[in-house]
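Undergrad: Provided herewith is a single structure, encoded as structure tokens, for subsequent inquiry.
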Amino acid sequence: MSFDLSCPVPFTATDTIEIGHGGGGMMTKRLVDGLFRPAFGAGPDDLNHDGAILDVGGELLAFTTDSFVVKPLFFPGGDIGSLAINGTVNDLAMCGAEPVGISVGLILEEGLPIAELQRIIGSMEAAAEAAGARIVTGDTKVVEHGKGDGLYINTSGVGRVIAPAPINPRQAAPGDMVILSGDIGRHGIAIMAVREGLGFETEIVSDCAPLIAPVKTLISAGVPLRCLRDLTRGGLATALIEIAETAGLTVRLDQKAIAISDAVRGACEILGLDPLYVANEGRFVAFVPASAAETALGIMRSFNPAAAVIGRVERRRERGEVVLDTIGGLRPLDLLSGEQLPRIC
Amino acid sequence: MKHLDEYRDPATAHRYADAIARVTTRPWTLMEICGGQTHSIVRHGIDLMLPEGITLLHGPGCPVCVTPSGVIDAAIAISGRPGVIFCSFGDMLRVPGGAGSLLSAKARGADVRMVYSPLDAVAIARDNPDRQVVFFAIGFETTAPTTAMAVLQAEREGLTNFSMLVSHVLVPPAIEGLLSDPDNTVQGFLAAGHVCTVMGFWEYEPIAERFGIPIVVTGFEPVDLLQGILLCIKQLEEGRAEVENQYSRSVRRAGNEVAQLTLARVFAVQQQGWRGIGEIPASGLRLAPAYERFDALARFGGIEVAPDDPGECISGEILRGLKRPADCPAFGTRCTPEHPLGATMVSSEGTCAAYYRYRRSEAGSAPVAEATP
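Structure, rendered in structure tokens:
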């Protein structure tokens with residue numbers, strides 16, 4: 001973590017909350033670093049990972065929370081229910097923990113059809129079972145018609161840490177390999193296609209999935225996992241930038257190794273979006289020492305054949321936490337300001 | 001996607017870079033017109049592959065950047081009128097006028113919606129007969145035909161609740177404006193492939209002749225751009241000043257005649273204000289008299305389009321290629337994508353945004369130094 005001794009920058013350039021504050025980019029970071037972190041007395045490493053690790057009487061527990069406000073509620077490859085369970089299960093998995101109990105907070109909008117709620121609850125149950133997680137407590141509130149998008153869900157999870165060593169960005173070291181668990185960009189494009197009524201020739205299906213099984217397999221095979229991160233909003237680039245920034249290192253990416261399906265690539269070309277920043281809900285990156293990369297890759301490929309080594313960790317470059325090989329040379333990747341907006345032409 | 005990969009192949013790109021180095025005997029200054037080309041150049045590091053002495057200036061071809069701030073303020077004012085649904089392309093939403101952006105208007109409660117096509121706005125009007133639906137019609141000759149289609153569609157459906165705020169601009173008059181400027185340093189142009197797909201390139205021939213300047217219609221991928229640069233430098237080295245077509249897989253000399261006829265039917269040419277640049281004669285489009293009833297400014301009334309006040313922002317000089325982002329004292333400090341002083345920092349096609357995103361700490365001087373791992 002570097003400290004800037006110059007005059008503090010106001011944590012937001014606007015006097016109201018805008019959509020971009022939730023985009024996971026620079027605006028979100030300013031809000032967390034400028035308001036939440038100091039207010040909650042958090043240290044430089046707190047709030048920087050997918051979950052917190054708590055030492056409870058000698059046993060290490062992982063604790064995480066996430067809220068889901070996706071529109072539409074149903075999309076190819078999942079719905080808000082499966083998303084809410086997988087999101088929290090995955091955050092625990094990224095701490096090297098298996099889920100012990102999950103809480104579900106529902107905020108329902110007046111007028112939501114019971115049949116839709118039943119479908120969503122059903123898929124939460126199925127997702128929890130698939131991940132070996134139990135939903136143990138919950139809460140329900142109803143807001144007036146027009147005050148919510150049908151349904152918002154918050155889930156929190158407690159997990160038992162099963163990894164033998166800490167997994168977080170600080171553990172990453174020069175020479176580590178970065179392995180990506182599959183192709184990227186499906187979830188963000190699938191949601192956008194349904195929400196905006198964009199018809200593509202091939203239906204793009206969200207990658208929404210639990211990640212606990214590959215992580216458990218990696219741990220039981222004895223792969224030393226330095227850092228794990230699931231790629232959610234902000235996509236691969238944002239996740240790697242956050243890790244590299246916390247670790248004080250540079251990640252050098254091989255653009256060609258990053259798998260992107262033709263359908264997602266095509267959609268991104270048309271819309272002017274960078275797939276490196278498009279959301280995922282069932283992909284993660286693993287930082288492992290080079291000596292363990294082959295074993296780790298073999299395991300990850302057994303879950304998804306598109307898994308690949310996409311880069312390596314280097315000592316911190318003068319500028320750029322994450323650099324990408326391009327035709328003309330290396331190019332640093334930066335956090336986006338807010339959300340990616342489709343371009344005009 | 002295979003087709004696209006050919007134009008991103010590093011080996012082919014380097015072959016063209018080598019060819020450029022071989023034909024270049026002295027310094028030349030080129031300008032790419034289109035913001036999409038600017039981003040591709042900076043994103044792929046094309047400028048870093050060119051011999052010393054070849055300067056690429058980034059032109060005014062970002063539709064979002066050249067939309068006057070007074071027009072954006074008018075858009076915000078219209079979006080605040082009761083019952084209005086205001087529809088805009090995505091990357092226009094963040095651009096500040098004098099009184100905030102459409103995104104901030106949305107945050108304050110205006111019904112601002114992002115659309116992907118003007119026809120989406122027509123559909124919203126059809127589905128909301130009790131609301132006034134306004135489309136923010138901006139862009140070059142690339143987007144203007146779809147705007148014209150939307151007007152014709154609304155007319156066909158007899159929609160009375162659909163209108164548009166028009167701020168369309170045209171490329172050739174802007175090139176003439178740049179070349180007529182006594183401060184101009186541009187010696188060759190890469191014309192925008194997409195604009196020429198619609199308009200063809202016959203319009204550029206008199207400009208090349210009158211100003212004695214090579215113009216190469218160029219695509220957007222790394223190999224396209226390098227090929228366009230090579231053709232342009234060859235002309236300069238050989239003392240030719242012609243219009244050439246690098247982007248022949250998409251562009252014909254005549255262009256898309258149906259689209260051109262539609263434009264001529266729906267729009268009339270007028271003098272137009274360009275943000276940061278000022279008024280350019282015959283460089284904009286307004287609705288033709290037969291379609292004036294779709295003009296949002298006339299429909300809502302009482303909304304003045306104020307003249308631009310650029311303040312500290314030097315985007316006008318950047319859009320004319322007179323300065324680069326590094327020349328601006330506010331770049332990356334007082335002016336960032338979260339707090340932009342001008343449109344070139346906001347739009348995905350803006351020059352300052354490209355440099356902020358891809359070249360922040362050096363603002364466009366040297367490539368990233370190779371560090372030993």
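Protein chains in written order, with UniProt numbering: chain A, 1 to 345; chain V, 1 to 373. C-beta: ideal position from N, C-alpha, C; glycine also.
Please list, in chain order, all residues of the same chain as Pro63 (chain V) whose beta carbon is under 6 Å from its beta carbon, the five residues on each side excluded.
TA: Contacts found: Ile138, Gly139, Phe140.
Undergrad: Just mark Ile114 (chain A) as buried or exposed, buried being the case when its beta carbon has 16 or more other beta carbons within 10 Å.
TA: Looking at its Cβ environment, which holds fewer than 16 other Cβ atoms inside 10 Å, Ile114 (chain A) is exposed.
Undergrad: Tell me the DSSP secondary structure of Glu242 (chain A) in three-state form.
TA: If DSSP states are grouped into helix, strand and coil, Glu242 (chain A) belongs with the helices.
Undergrad: Quick test of the definition: if touching needs 3 or more C-beta pairs under 8 Å, does the region 166–186 of chain A touch the region 103–117 of chain A?
TA: No: the two stretches stay apart, fewer than three of their Cβ pairs being nearer than 8 Å.
Undergrad: In the structure shown, what three-state DSSP assignment does Thr250 (chain A) receive?
TA: In this structure, Thr250 (chain A) counts as strand in the three-state DSSP scheme.
Undergrad: Inspect the beta-carbon positions of Phe303 (chain A) and Ala172 (chain A) and report whether they are closer than 8 Å.
TA: Not closer than 8 Å, so no.
Undergrad: Can you tell me the Cα-Cα spacing of Ala11 (chain V) and Ile229 (chain V), whole angstroms?
TA: C-alpha separation (whole angstroms): 17 Å.
Undergrad: So within the region 63–144 of chain A, which uninterrupted alpha helix (DSSP H) runs reach at least 4 residues, ignoring any that extend past its ends?
TA: List check, alpha helix (DSSP H) in window: 80–94, 114–131.
Undergrad: For Lys106 (chain V), count neighbouring C-beta atoms within 10 Å of its own C-beta (all shown protein chains included) and say buried if the count is 16 or more, exposed if not.
TA: By the 10 Å Cβ count, Lys106 (chain V) comes out buried.
Undergrad: Taking Ser163 (chain V) as part of the beta strand (DSSP E), name the residues at either end of that continuous run.
TA: Run containing Ser163 (chain V): 162–169, per the beta strand (DSSP E) assignment.
Undergrad: Restricting to Cα atoms, I'd like to know which of V:Cys65, V:Leu103, V:Val115 is closest to Ser88 (chain V).
TA: Checked all of V:Cys65, V:Leu103, V:Val115; the closest Cα to Ser88 (chain V) is V:Val115.
Undergrad: Restricting to Cα atoms, I'd like to know which of A:Met192, A:Cys95, A:Pro224 is closest to Ala296 (chain A).
TA: Ranking the options by Cα distance to Ala296 (chain A), first place goes to A:Pro224.
Undergrad: Do the region 68–75 of chain V and the region 35–52 of chain V touch if we need at least three Cβ pairs shorter than 8 Å?
TA: Segments in contact, no.
Undergrad: Within 8 Å (strictly less), CB to CB, does Gly90 (chain V) reach chain A?
TA: Answer yes: the Cβ-Cβ gap between Gly90 (chain V) and chain A drops below 8 Å somewhere.
Undergrad: Would Leu4 (chain V) be called buried (16 or more neighbouring beta carbons within 10 Å of its own) or exposed?
TA: Answer is exposed; the Cβ neighbour count stays below 16.
Undergrad: As an exercise, report each continuous beta strand (DSSP E) stretch of at least 3 residues that is fully enclosed by the region 198–229 of chain V, in chain order.
TA: List check, beta strand (DSSP E) in window: 215–218.
Undergrad: Could you list which residues in chain V have their beta carbon closer than 9 Å to that of Thr16 (chain A), in chain order?
TA: Correct list: Ser104, Ala107, Arg108.
Undergrad: Going by DSSP, name the residue or residues bridged to Met177 (chain A).
TA: According to DSSP, Met177 (chain A) bridges with A:Val288, A:Arg312.
Undergrad: If distances are taken between C-alpha atoms only, which option among V:His58, V:Pro60, V:Ala125, V:Ser117 comes closest to Gly83 (chain V)?
TA: Nearest of V:His58, V:Pro60, V:Ala125, V:Ser117 to Gly83 (chain V), Cα basis: V:Ala125.
Undergrad: Which of the three DSSP states, helix, strand or coil, is assigned to Met1 (chain A)?
TA: Here the model assigns Met1 (chain A) a pLDDT of 33, short of 50, so the residue's position is not dependable, and the following value carries that caveat. Met1 (chain A) falls in the coil class under three-state DSSP.
Undergrad: Would you identify the three-state DSSP class for His58 (chain V), choosing helix, strand or coil?
TA: In the structure shown, His58 (chain V) sits in a strand (DSSP, three-state: E or B).
Undergrad: To the nearest angstrom, how far is the alpha carbon of Ala126 (chain A) from that of Arg286 (chain V)?
TA: Between Ala126 (chain A) and Arg286 (chain V), the C-alpha separation is close to 57 Å.
Undergrad: With which residues is Pro332 (chain A) paired in a DSSP beta bridge?
TA: The partner list for Pro332 (chain A) (beta bridge, DSSP) reads A:Val323.
Undergrad: Is Gly321 (chain V) helix, strand or coil by DSSP?
TA: Coil at Gly321 (chain V), not helix or strand.
Undergrad: Between which residues of its own chain and Val69 (chain A) is the CB-CB distance below 6 Å, once the five residues before and five after are set aside?
TA: Tyr152.
Undergrad: Assuming Thr29 (chain V) is part of the beta strand (DSSP E), what are its boundary residues?
TA: Counting along the chain, the beta strand (DSSP E) containing Thr29 (chain V) begins and ends at 28–34.
Undergrad: Can you give the Cα-Cα distance for Leu231 (chain A) and Gly282 (chain A), rounded to whole angstroms?
TA: Cα to Cα, the separation comes out at about 7 Å.
Undergrad: Mind checking Glu205 (chain V): buried by the 16 CB within 10 Å criterion, or exposed?
TA: Looking at its Cβ environment, which holds fewer than 16 other Cβ atoms inside 10 Å, Glu205 (chain V) is exposed.
Undergrad: Quick one: which chain A residues come within Cβ less than 9 Å of His44 (chain V)?
TA: Result: Thr326, Ile327, Gly328, Arg331.
Undergrad: In whole angstroms, what is the alpha-carbon distance linking Arg359 (chain V) and Arg331 (chain A)?
TA: When rounded, the distance between both Cα atoms is 8 Å.
Undergrad: Which residues share a DSSP beta bridge with Ser117 (chain V)?
TA: Its beta-bridge partners do not exist; DSSP assigns none.
Undergrad: What residues of chain A sit near Met164 (chain V), judged by a beta carbon separation below 8 Å?
TA: The contacting residues do not exist; Met164 (chain V) stays about 15 Å from chain A at best.
Undergrad: Rounded to the nearest angstrom, how far is the Cβ of Cys65 (chain V) from that of Arg275 (chain V), given a contact under 8 Å?
TA: Going by Cβ atoms, the distance from Cys65 (chain V) to Arg275 (chain V) rounds to 6 Å, so yes, they are a contact pair.
Undergrad: Over what stretch of residues does the beta strand (DSSP E) that includes Val269 (chain V) continue unbroken?
TA: Counting along the chain, the beta strand (DSSP E) containing Val269 (chain V) begins and ends at 267–274.
Undergrad: Around the Cβ of His145 (chain A), are there at least 16 other Cβ atoms within 10 angstroms (buried) or fewer (exposed)?
TA: It is exposed - the Cβ of His145 (chain A) has fewer than 16 other Cβ atoms within 10 Å.
Undergrad: Check for me: the beta strand (DSSP E) holding Phe136 (chain V) runs from which residue to which?
TA: 132–139 is the span of the beta strand (DSSP E), which, as asked, contains Phe136 (chain V).
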